[in-house]
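Converting from the sequence shown to our numbering requires adding 548 to each position, the first position being numbered 1.
Have a look at the structure below, then the notes.
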Amino acid sequence: MGVDSYTRRTLKRSELTQNARHYINGRWETGVTTGLSENPSDTRETVAEYARADRSQTELAIRAAADAAPHWSHTTPQRRADVLDQIGSEILARREELGLLMAREEGKTLPEAVGEAARAGHIFKFFAGEALRGGGGETLASLRPGVQVDVTREPLGVVGLITPWNFPLAIPAWKIAPALAHGNTVVFKPAELVPACGWALAEIISRAALPAGSFNLVMGSGREVGQTLVDSPLVDGISFTGSVETGELILQAAARRHAKVQLEMGGKNPLVVLADADLDRAVDCAVQGAYFSTGQRCTASSRLIVEAPVHDAFVVRLRHRLAALKIGHALERGTDIGPVVDRVQLARNLAAIAAASEEGAEHVWGGEPLQRATQGHFMSPALFLARPEQRVARDEIFGPVACVLRADDYEHALDLANDTPFGLCAGICTTSLSRATHFKRHARVGMTMVNLPTAGVDYHVPFGGRKASSYGPREQGRHAAEFYTTVKTGYVLA
Ligand code: TXE
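Structure (structure tokens):
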């Protein structure tokens, strides 16, 4: 494997298998059983041996968080800001080492992984500022004479944070940082495929002088650890990112006991390319949005809706770009696209590709498993020409697979863009200000992009969508306070 010398140097420090333990009530704990995570670029390499909890060990973490809640919720904003700032500084200082661990465990390319680690650090720094600014409040005169009313925000209490594997540091960061900033205590459950990343983050948090029990890490299965969090009467709020199926189960279970819930789920995001677009720019947006991170992003542009006059030229240019992409080991310099995260997801992608051909979508490029020097889950990026009713154009595949839909004109393109159960992000490539403005207003999504890929968002502004993509208040930025606080209205006769 052609891992370059920079990577080899860094690898020496972290090539050993990590021993990832739970962090419960301020102590590192072994699990009830042990699991393994492997490198999807080279499955002979074990990245972590990690502790797996059962229901009763998870309940210990929840109890610790509940016991710590009164203390942490009354700490000063300065204390919370200092803690978050310290965590952010350490993540930023160790971004390359953390990025390397992430590239080994999740399979995204090293530059992407280092970038994500840096983003996680910046998120903690942003929420250090939010701890000082607070969630916002107001004072008003009552309708009754002499009475004052104030509206304040208080911490929710204990929050259970359940995260997926595709952004192993950034997603935990954008849940943990606002939770702590607004005075909540946390039980964090990372995805089973990326325990070492969850543990590395917990290890940094553990050194930030939080009171014992304010932050807890428990690893293990969704059905046991995750479900215990969702069902526990001591957990006041659940923030989840993952599949639609699991999100819906969580929503129903949380609703049964009136718990607050925030869900970020799938996407089938359209990128519209109009005839007046800068075509090179549009192809760039499509390649980055649909295929980078191996297409494993809820914001991936998996539906490319192209206006008829430029349809064929767009497809030709995109196919050329796909043919030139380098697919390989995540640590190899020059790799554009790393492996699929595991064999289950690879099988799912290949099955969706076979189904696309069977249902009559026209195959343009790729979609085959690839052999490389190491044994990894590699596949070539796939492109189809599809009709709107075909499954390849409707289901989230969560791999490097996109389809092109032909649009007669702008209005048709907008209809196609909105013709989906999802509503996370929508992009348009055009040089027309009026079309771009119209699209921004009429796309039924939570985020729009003009002349940009649908994937790639900032941490200081809201993230989330509509329809089957999201449920509950938005994540990130100032809006994170909506989920992580509860509003209290106070009346005083002056
Ligand atoms: O997701 P799950 P998985 C999609 C993508 C992928 C598919 C499956 O299509 O192919 O989901 O991935 C925890 N109660 N996305 O299996 O199952 C689980 O342990 C409580 C899209 O990873 O939703 C993990 O920590 N928790 C998505 C988290 O939920 C439960 C990103 C997500 O797992 C649970 C990831 C339960 N009953 C996958 N069952 C996106 N759009 O960003 C599981 N979990």
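Note that beta-carbon positions come from the ideal geometry of N, C-alpha and C, so glycine has one too.
Every value quoted in this text rests on a predicted model; they were computed, and no experiment measured them.
Given that a residue counts as buried once 16 or more other Cβ atoms are within 10 Å of its Cβ, and exposed if not, what is residue i?
i, result
"PRO588", "buried"
"VAL809", "buried"
"PRO818", "buried"
"ALA902", "exposed"
"GLN566", "buried"
"LYS560", "Note that LYS560 scores a pLDDT of 49, beneath 50, so its modelled location is shaky; the value from the coordinates is reported in the next line. So LYS560 ends up on the exposed side."
"HIS570", "buried"
"LYS723", "buried"
"PRO857", "exposed"
"ALA803", "exposed"
"GLN626", "exposed"
"VAL952", "buried"
"GLY1020", "buried"
"MET549", "Caution applies to MET549, whose pLDDT of 43 falls short of 50 and renders its modelled position unreliable; the value that the coordinates give is listed next. That one is exposed."
"VAL892", "exposed"
"GLU1023", "buried"
"THR578", "exposed"
"VAL1040", "exposed"
"ALA596", "buried"
"VAL1009", "exposed"
"PRO659", "exposed"
"ALA641", "exposed"
Relative to the C-alpha of residue i, which candidate in the options has its C-alpha closest?
i, options, result
"ALA974", "GLN844, GLU577, GLY1012, ILE901", "GLY1012"
"ALA756", "SER769, ALA803, LEU728, GLY915", "LEU728"
"ARG992", "THR883, PRO969, ALA1003", "PRO969"
"ARG983", "HIS619, HIS806, ALA823", "ALA823"
"THR883", "LYS874, ARG891, ALA668", "LYS874"
"HIS619", "ILE945, SER762, ALA838, GLU644", "SER762"
"ASP957", "ILE853, LEU680, ALA803", "ILE853"
"SER840", "GLY1004, VAL912, ALA596, THR1033", "Reading off the sequence shown, one finds Phe at residue 840, where the question assumed Ser. Checking every option, the nearest Cα to that of PHE840 belongs to GLY1004."
"ALA1016", "THR624, GLU793, GLY583", "GLU793"
"VAL783", "ARG805, GLY795, LYS656", "ARG805"
"LEU765", "ARG642, ILE885, GLN1024, TRP747", "TRP747"
"ALA921", "ILE945, ASP890, HIS877", "HIS877"
"CYS833", "ILE798, LEU870, GLY908", "LEU870"
"THR624", "ALA601, GLU645, GLU678, THR591", "GLU678"
"ILE753", "ALA825, VAL595, ASP630", "ASP630"
"GLY1038", "GLN696, THR657, ALA641, LEU608", "GLN696"
"THR996", "ASP602, TYR1007, GLY971", "GLY971"
"LYS1036", "LEU964, THR776, ASP698", "ASP698"
"ASP615", "GLN938, VAL998, ALA760", "ALA760"
"ALA900", "LYS656, ILE719, SER850", "SER850"
"ASP826", "ARG642, GLU607, GLY908, LEU1000", "LEU1000"
"ARG989", "ALA965, HIS1008, TYR1007", "ALA965"
"LEU758", "PHE715, ARG652, GLY785, ARG575", "ARG575"
Go to residue i, then tell me how far its alpha helix (DSSP H) extends in each direction, as first and last residue.
i, result
"GLU644", "643 to 654"
"PHE862", "856 to 872"
"THR700", "Here THR700 belongs to no alpha helix (DSSP H); instead the beta strand (DSSP E) covers 695 to 703."
"GLY1038", "That residue, GLY1038, is in no alpha helix (DSSP H); its beta strand (DSSP E) goes 1033 to 1041."
"PHE674", "658 to 681"
"SER982", "981 to 990"
"ASN966", "958 to 966"
"GLU944", "Neither: GLU944 is in no alpha helix (DSSP H) and is coded neither H nor E."
"PRO726", "718 to 729"
"VAL766", "Taken as a continuous stretch (DSSP letters only), VAL766 belongs to no alpha helix (DSSP H), as it is neither H nor E."
"ILE752", "743 to 754"
"GLY708", "GLY708 -> not in any alpha helix (DSSP H); beta strand (DSSP E) instead, spanning 706 to 710."
"ALA596", "Careful: ALA596 lies outside any alpha helix (DSSP H), inside the beta strand (DSSP E) at 590 to 600."
Taking Cβ positions, are residue i and residue j nearer each other than 8 Å?
i, j, result
"LYS737", "GLY774", "yes"
"PRO887", "HIS925", "yes"
"ALA612", "ILE572", "yes"
"CYS977", "VAL864", "no"
"SER980", "GLU812", "no"
"VAL940", "GLY843", "no"
"ALA568", "ALA744", "yes"
"ALA830", "PHE862", "yes"
"GLU740", "GLY583", "yes"
"GLU653", "PRO716", "yes"
Kindly indicate the opening and closing residues of the beta strand (DSSP E) around residue i.
i, result
"ALA878", "Run containing ALA878: none; DSSP gives neither H nor E here."
"GLN810", "808 to 812"
"TYR571", "570 to 572"
"CYS951", "949 to 955"
"GLY583", "581 to 587"
"THR776", "No beta strand (DSSP E) contains THR776, which is instead part of the alpha helix (DSSP H) from 775 to 779."
"VAL734", "733 to 737"
For residue i, decide whether its Cβ has a neighbour in chain B, counting only Cβ atoms nearer than 8 Å.
i, result
"ILE671", "Looking for chain B here will not work: only one protein chain is present."
At a cut of 8 Å, does the stretch 694 to 705 reach the stretch 717 to 733 through at least three beta carbon pairs? yes
With three or more beta-carbon pairs closer than 8 Å as the criterion, would you say the stretch 896 to 913 touches the stretch 924 to 931? yes
Check whether the stretch 1019 to 1036 and the stretch 686 to 693 are in contact - that is, three or more C-beta pairs closer than 8 Å. no
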